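Q: This is the structure I have questions about; it appears just below.
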Amino acid sequence: MDLTYTEEEEGFRARLRSWLALSLPKLPPKPDPLDWPGRRSYDTAWQRMLYDAGYAGLHWPVDAGGQGATPTQHLIYLEETERAGAPYVGANFVGLLHAGPTVAAEGTAEQRARWLPPVLRGDEVWCQGFSEPDAGSDLASLRTKAVRDGDSYVVTGSKIWTSHAEVADWCELLVRTDPQAPRHRGISWLAMPMDAPGVTVRPLRTLAGSAEFAEMFLDEVRVPVANRVGEENDGWRVTMVTLSFERGTAFVGEVVACRRTLGELARRARRNGHWDDPVLRRRLGRLNAEFRALWRLTQWNVSEAQNAGGVPGTGGSVFKLRYSHARQELYDTAAEVLGPDAMDLDEEWTGDRLSSLSYTIAAGTSQIQQNIVAERILGLPKGRRWTSG
Amino acid sequence: MDFRLTDDQRALRSGVRELLAGRFGRDALRAAVDREGTVDRELWRELGAAGFFALRLPEEEGGAGLGLPEAVLLFEEAGRALLNGPLVATHLAAGRLPGAADGTQVVTCGTQLRGLIPHFTDADAAVVIDGAGMRIRYPKDLPHARQFRSMDPLTPLHRIPDGPMVPPRPDAILLTAAEQLGSAARTTEMAVQYAKEREQFGQPIGGFQAVKHLCAQMLVRTEVARAAVYAAAVTEEFTEIAGAKLLADEAAVQGARDCLQVFGGMGFTWEADVHLHLKRAWLREQMWLTAAESEEIQAEALASAL
Ligand SMILES: Cc1cc2nc3c(=O)[nH]c(=O)nc-3n(C[C@H](O)[C@H](O)[C@H](O)COP(=O)(O)OP(=O)(O)OC[C@H]3O[C@@H](n4cnc5c(N)ncnc54)[C@H](O)[C@@H]3O)c2cc1C
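Residue numbers (this note's numbering), protein chains in the order written: chain A, 52 to 440; chain B, 9 to 314.
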C-alpha cells in the first residue's frame with residue numbers, strides 16, 4: 052500500500068504543471084456550456100495544444116500515436132488539468148476515450164493510420180451511435196440494418212441519444228449485419244462519416260435546456276466495407292472492448308472537480324449563514340468523506356489496472372455506481388446551500404444539478420451496473436432474459 | 009504509487025485468516041455466544057503469541073515492528089471472524105502495560121463508548137486512552153460499574169456513570185473501522201453464498217434482480233470503505249481516519265441489514281450468524297467516534313481549508 056508518487060511521476064507532474072500554467076492563458080474564453088459548436092472549437096483547440104506539446108493520447112499505446120503513459124501518469128494528468136481549470140475532453144470524449152482506443156486495439160494498420168492521428172490532433176470529432184429508440188439497456192436488440200452492396204454497406208435505421216452528433220465528423224456505429232443470427236452474433240462495428248448522404252441529425256433538447264444529444268436518422272447511408280472495425284458480425288465483442296474503456300476511465304477527473312466544488316460550497320455556506328445549520332453542515336461533511344474515498348478508490352483501481360497492463364477492470368462499475376449517486380447528492384446539497392438562488396438557471400451549480408441527473412442513466416444505468424457487479428464480480432446467476440455479453 | 013497490498017501484506021492477511029479459521033471458526037464463535045462473550049484466555053494468549061497485540065511494537069521491545077497498514081489488515085480479519093474481546097484496547101496497551109503484548113493480560117478501555125465499558129469483568133486492567141496517551145486504571149478503581157444486558161451477545165457491557173470524556177485516539181478509531189470493514193466483507197460474502205444456494209420459484213434467489221441489487225450495493229459499500237480505510241492507514245491523517253470510520257460503519261451496519269434481508273426468515277433466527285454481525289456493527293458504530301462527530305470533523309476540515 053503505497054500512496055506516494057515516484058520521483059519520475061513527480062517529475063511528470065511538475066513538467067505538466069508548468070506547461071499548464073504557460074498554456075492555459077492562451078486558450079480563448081470559455082464558451083457557453085449550452086453552445087456545442089462553440090464547445091467543439093474550444094475543445095479541439097485545446098486538443099491541438101496538447102498535441103503540439105506531446106501530451107495528446109497520453110494513455111494511448113505508442114504504436115497508435117499515443118504517449119504510452121502509465122495509468123498512474125494518466126491519473127496525475129487528470130488531477131493536474133482539473134486543478135488548473137483546464138478543459139475536460141468535452142467534444143473529443145468519444146474519439147479520445149473509447150472510439151480511438153477501440154480502433155487502436157481492434158483496427159487494421161490502414162484504419163489506425165486514417166482515424167487515429169486526426170483524433171489526436173483535434174481535427175476530427177467522433178460520436179457514439181449505439182443506442183436506438185428500442186435498444187438502450189438492451190443494446191443487443193438493436194435493429195439498424197446494414198446490407199452489403201459491393202464495397203459498401205447500405206445502412207438504414209435510427210439512433211438516439213447520440214451525444215454531440217451535430218458537431219461530429221465520425222460516428223462509431225453499431226449495425227445489424229445478419230438478422231438471422233442470434234442477437235449478439237449479427238452485429239458489426241462501423242465508422243460512419245457524419246456527412247454521408249442519408250444521415251439526418253435532429254437535435255433533442257435535454258432537460259437542462261441544451262441540445263447536447265440528438266436523434267439520427269439513417270436512410271440508405273453508404274458506408275465502405277473498409278470502415279468496419281473487426282470482423283463482420285463480430286461487433287458485439289468489439290463493443291465490449293469499447294464499453295470497458297467507456298466505464299473504466301470516463302469519470303476519474305471529475306472527482307477532483309467535485310472535491311473543489313465541495314470546498315466552494317462550504318465557503319458559500321459560511322457566507323450566507325447556512326453553515327450554522329448542523330444538518331446541512333453534516334451533509335457537507337459526509338460528502339467530504341465520500342469524495343475523498345472515491346478518490347482513493349480511483350487510486351486503487353488505477354493500481355489494479357497498472358498491474359493488468361492498463362486494461363480497466365470491473366472496478367469501473369463499482370466506481371460509477373457510487374460516483375453517479377454521490378454527484379447527484381453533491382448538487383442537491385448545493386441547491387440547499389444556494390436556497391432560492393438554486394432556481395436561477397444562470398447559477399453554475401443549477402446547471403450542474405440538472406446535468407447530474409444523467410449520470411445514473413448514461414453509459415449504463417445504475418440498475419444495469421448493479422447487474423454487472425452482481426453477475427460478473429459476485430458470480431450470481433445470470434438473469435433469464437437480460438444478457439450483457 | 010501502487011496502492012495494492014504488497015506480497016508481505018497479502019501473506020500476513022492470509023496467515024491471520026487461517027489462524028482465525030482454525031482457532032475461531034463457527035463452533036468457537038457459537039461457544040463464545042454461549043458463554044456470553046467472555047474472553048477465551050487461551051485464545052488471547054495465542055493471539056498474543058501470533059503478534060496480534062505486539063504487531064506495532066519495535067523489534068527491540070519484542071514486537072514485529074510493523075505499521076498501521078498491517079494492523080488494519082489484522083483487525084479486518086478479526087472483524088470478519090467476529091472475534092470477541094477488547095482487541096483494540098489490548099493492542100494499544102501493548103508495550104505500556106506488562107502482559108498486554110503477549111496476551112497474558114486482557115485490557116479494556118473505558119473511553120471508547122461513552123459511559124460504557126466492555127468486558128469489564130474479564131479485564132485485568134481498564135485504561136483510559138485518549139489522543140495524547142494512556143492512563144492506567146484498574147477495575148477496582150471503578151466501583152460504580154454496573155452490568156446490564158448487552159444487546160451484542162459477544163460483548164458484555166457495564167455502565168460507568170462518571171466515565172471520563174476524552175478526545176479519541178486516531179489509531180483506535182481506524183482499527184475499529186477496520187473491524188467494521190471485515191464484517192462488511194463477510195456479510196457480503198454470506199449473502200452472496202446464500203443467494204447462490206437458496207432456491208425459490210425453481211431457481212436460485214440470486215437470479216432475482218431485487219436480490220442481486222442488494223448484493224451489488226453491499227459490495228460497492230464495502231469496496232468504497234476499503235479504499236478509505238486502507239488509505240487512512242497509509243496517510244495516518246486524522247480527517248481521513250474519521251472519514252474512513254464513517255464509511256466503514258455504514259458498510260458494516262447496512263451490509264448486515266441487507267444480508268439479513270437476503271436470508272429471509274432464516275436471517276431473523278438466533279441460529280444464523282447475521283444478527284451477531286449487525287449487533288456488533290451497531291456497537292462499533294458508537295465506539296470512539298459516532299457518525300455525527302465524524303461528519304462534523306469533515307465539515308471542520310472543509311471550513312479550515314478555505
Ligand atoms: C446524457 C446522455 C448521453 C448519452 N449519450 C449517448 C451516446 O452518445 N451514444 C449512445 O449510443 N447512447 C447514449 N446515451 C444513451 C444511454 O446509453 C442510454 O440512455 C442508457 O443505456 C439507457 O437506455 P434507455 O435510455 O433506453 O433506457 P431503458 O433501457 O429503456 O431503461 C429504462 C429504465 O429501465 C431500467 N432497466 C432496463 N433494463 C433493465 C434490466 N435488465 N434490469 C433492471 N432495470 C432495467 C433502466 O435502469 C431504466 O431505469 C446517452 C444517454 C444520456 C442520458
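Cβ coordinates follow ideal geometry from the N, Cα and C atoms, glycine included.
As the structure is a prediction and not an experimental result, all values here were calculated from the model.
(1) Verify the CB distance criterion: does ASP257/B have a CB-CB separation below 7 Å to chain A?
(2) Measuring straight from C-alpha to C-alpha, what distance separates PHE209/B and GLU78/B?
(3) Measuring only between beta-carbons, confirm whether PHE209/B sits less than 7 Å from chain A.
(4) Could I get the ranges of all uninterrupted beta strand (DSSP E) runs contained in the stretch 240-313 of chain A, with 3 residues as the minimum, in chain order?
(5) Report the partner residues of GLN179/A according to the DSSP bridge assignment.
(6) When the Cα atoms are used, what is the spatial distance from TYR93/A to GLY390/A?
(7) Classify GLY304/A: buried if its beta carbon has 16 or more other beta carbons within 10 angstroms, exposed otherwise.
(8) Considering only the alpha carbon of each residue, which of PRO184/A, SER209/A, SER203/A and ASP285/A lies closest to PRO233/A?
(9) Against chain A, with Cβ distances strictly below 7 Å, would PRO176/B count as a contact?
(10) Checking 7 Å against the spacing of the C-beta atoms, do ALA164/A and ALA115/A come in under that value?
(11) 7 Å is my cut-off, CB to CB: does CYS223/B come that close to chain A?
(12) LEU254/B versus chain A: which residues are under 8 Å apart at the beta carbon?
(13) I need the straight-line Cα distance from GLY71/B to SER69/A, nearest angstrom please.
(14) With a CB to CB cut of under 8 Å and the five nearest residues on each side skipped, what residues in its chain are close to VAL306/A?
(15) What separation, rounded to the nearest whole angstrom, lies between the Cα atoms of HIS283/B and HIS166/B?
(16) Can you check DSSP and say which residues form a bridge with HIS166/B?
(17) Contact defined as beta carbons within less than 8 Å: I believe GLY45/B pairs with PRO175/B. What is the distance between those atoms, to the nearest angstrom?
(18) Under 7 Å, Cβ to Cβ, is there at least one residue of chain A near GLN306/B?
(19) Interface residues of chain B around SER354/A at Cβ under 9 Å?
(20) Between the alpha carbons of SER302/B and GLY336/A, how many angstroms are there, rounded?
(21) Between the C-alpha atoms of ARG321/A and GLY190/B, what's the straight-line distance to the nearest angstrom?
(22) For the stretch 276-291 of chain B against the stretch 209-222 of chain B, do three or more pairs of beta-carbon atoms, one drawn from each stretch, fall closer than 8 Å, so that the two count as touching?
(23) Give me the Cβ distance between PRO126/B and PRO94/B, rounded to the nearest whole Å; I'm assuming they're in contact under 8 Å.
(24) With MET142/B as the anchor, note down where its beta strand (DSSP E) starts and where it stops.
(25) May I ask you to list, following chain order, the residues of the stretch 226-257 of chain A that have a beta carbon less than 8 Å from some beta carbon of chain B?
(26) Short of 8 Å in beta carbon distance, which residues of its chain neighbour LYS433/A, apart from the five on each side in sequence? Order them along the chain.
(27) Does the separation of the CB atoms of GLU271/A and ARG253/A fall below 7 Å?
(28) Would you say the beta carbon of PHE181/A comes nearer than 6 Å to a heavy atom of ligand 1?
(29) Tell me whether TRP446/A, by its Cβ, gets closer than 6 Å to a heavy atom of ligand 1.
(30) Once the 5 residues before and after ALA256/B are set aside, which same chain residues still bring their CB inside 6 Å of it?
(31) When the Cα atoms are used, what is the spatial distance from ARG53/B to ARG229/B?
(32) What does the alpha-carbon distance come out to for the pair ALA219/A and ARG194/A?
(33) Measure the C-alpha to C-alpha separation of GLY214/B and ALA260/B and round it to an integer number of angstroms.
(34) Quick one, which of GLY141/A, ALA413/A, GLU161/A and ARG66/A has its alpha-carbon nearest GLY173/A's?
(35) Using only CA atoms, which one of GLN421/A, GLU355/A, VAL353/A and TRP326/A lies nearest to ALA385/A?
(36) Do GLN420/A and LEU372/A have their CB atoms nearer than 7 Å?
A: On the basis of the coordinates in this document:
(1) no
(2) 45 Å
(3) no
(4) 250-255 and 264-275
(5) GLU223/A
(6) 33 Å
(7) buried
(8) ASP285/A
(9) no
(10) no
(11) yes
(12) ARG337 and ALA340
(13) 46 Å
(14) PHE342, LEU345, TRP346, THR349 and TYR374
(15) 21 Å
(16) ILE125/B and GLN155/B
(17) 28 Å between Cβ atoms; not a contact.
(18) yes
(19) MET9, ASP10, PHE11 and ARG12
(20) 8 Å
(21) 38 Å
(22) no
(23) 6 Å
(24) 142-145
(25) none
(26) GLU426
(27) no
(28) yes
(29) Residue 446/A is absent from the model: chain A starts at 52 and stops at 440.
(30) ALA185, GLN188, LEU189, ALA233 and VAL237
(31) 34 Å
(32) 22 Å
(33) 21 Å
(34) GLY141/A
(35) TRP326/A
(36) yes
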